[in-house]
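Here the structure comes first, spelled out in structure tokens, and everything after it is commentary.
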Ligand code: HEC
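Residue numbers (the working numbering): 12 to 437.
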């Protein structure tokens, strides 16, 4: 039973009909109003509940979408990273490959050179029980180490390829690079951890410029101590009386020797060891080189030493040897210099060359300088006449004659007279 009904019974008795019904009415109105208000509130709650459910669903959708995007992003990043790693790896493989190519190349090059050097060295100084050279023929020793020359060339080729790849790699890398803008960066000032060191060494090191200057002075003193006596002494090379300056033709031949790079394969210095003097002849004396400007000692012996080649072979031998080394020395690896047989000897500078030698202290007389070309032609004619007996015609104007004259002169002066020391040069 509603509240207004219960109230109406008691109230109507005590308050009188009219007041009671008024109150009841008011109560009833309030009740209705409350009820509708309550109803509305409920509605609102239901709506809110709906909103929450909707919101939840939306949120769920959003999260799923976000998750998906994130996954995609991560996959893309991973792919990029993997690509980068693969790129770096392939770069690395390329670099490592280049490194190994160069390393193996240089090792092959060196080892074959060492083995060849030791082998040939031992052969060149091998004597038999009778005291004769076991390998008297130089070419024999060359042929023994020839395979090692090929291996060395192969090693050098590997190294060269490695170097070229490296250069290409650097070029491609630099070309493909994108410039990185400068970034501002700052760092705190370095702090002095060590306690100040006042020792003389630290003080020197703290002043690199002064230190360099002191070092220069110290080193110069060492150098001067060695140099000054050499410069101050009139001559530190004992002059040998029978050693004379080259004739103009020989001087031209010597220039050809230099031009053709003969010194790259031939030394002109016999060392005072039995294996050398047995093979080449008397060892070289300093006095024999006084007119050589510059000297042709050489640094390698792909071929034999030439210091005492003068007079060893007839002129025609040298002629044929230069034309084709294998014709006189079977198996020779010396390249042919056949153009020397055909090219004209240029004598336009001969006088100037003698003059230059005079400036350097070679005692040519003024007459010798003036008559240089005439002398040259006379000597060339003599050699050409000799060659003519072997069927070589009119060689006197060719370069080969000058080279032969030089080769035939080499190391012969000392044989002309017993070793006699002349007055020191002024
Ligand atoms: C690539 C190295 C090489 C060059 C460059 C070279 N030679 Fe030779 N030469 C040899 C060899 C190896 C021999 C030993 C085999 C032979 O007799 O041909 C030799 C031998 C000689 C001989 C004979 C030596 C002897 O005692 O039997 C003479 C002379 C000679 N060379 C002169 C020259 C002259 C001159 C030139 C420059 C125009 C020259 N060579 C350039 C490698 C070279």
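Beta carbons are placed, not taken as given, at the ideal position from N, Cα and C, and that holds for glycine.
Counting along the chain, residue 304 sits inside no alpha helix (DSSP H), nor does DSSP assign it H or E at all.
In this structure, residue 420 sits away from residue 271, with a CB-CB distance that is not shorter than 7 Å. Considering only 422, 347, 342, 292, the residue with the shortest C-alpha distance to residue 273 is 347. Contact between the stretch 158-165 and the stretch 192-206 is absent, with fewer than three C-beta pairs closer than 8 Å. The beta carbons of residue 326 and residue 398 sit about 6 Å from each other, so the pair counts as a contact at 8 Å. Between residue 289 and residue 144, the CB-CB gap stays under 7 Å. In the displayed model, residue 35 falls within a helix according to three-state DSSP.
For residue 166, the shortest C-beta to heavy atom distance toward ligand 1 is 6 Å or greater. If you look at residue 194, you'll find it isn't in any alpha helix (DSSP H); DSSP assigns it neither H nor E. Ligand 1 has no heavy atom closer than 6 Å to the beta-carbon of residue 308. A distance below 8 Å between beta-carbons, with the five flanking residues on each side excluded, links residue 369 to the following residues of its chain, in chain order: 375, 380.
Counting other Cβ atoms within 10 Å of its Cβ, residue 409 reaches 16 or more and is therefore classed as buried. In the structure shown, the three-state DSSP call for residue 172 is helix. For the pair residue 373 and residue 417, the CB atoms are not nearer than the 7 Å cut-off. The C-alpha of residue 333 lies about 26 Å from the C-alpha of residue 282. Taking 6 Å as the cut-off, the C-beta of residue 271 counts as close to a heavy atom of ligand 1. Rounded to the nearest whole angstrom, the CA to CA distance from residue 219 to residue 132 is 47 Å. DSSP places residue 235 within a helical segment (H, G or I) once states are collapsed to three.
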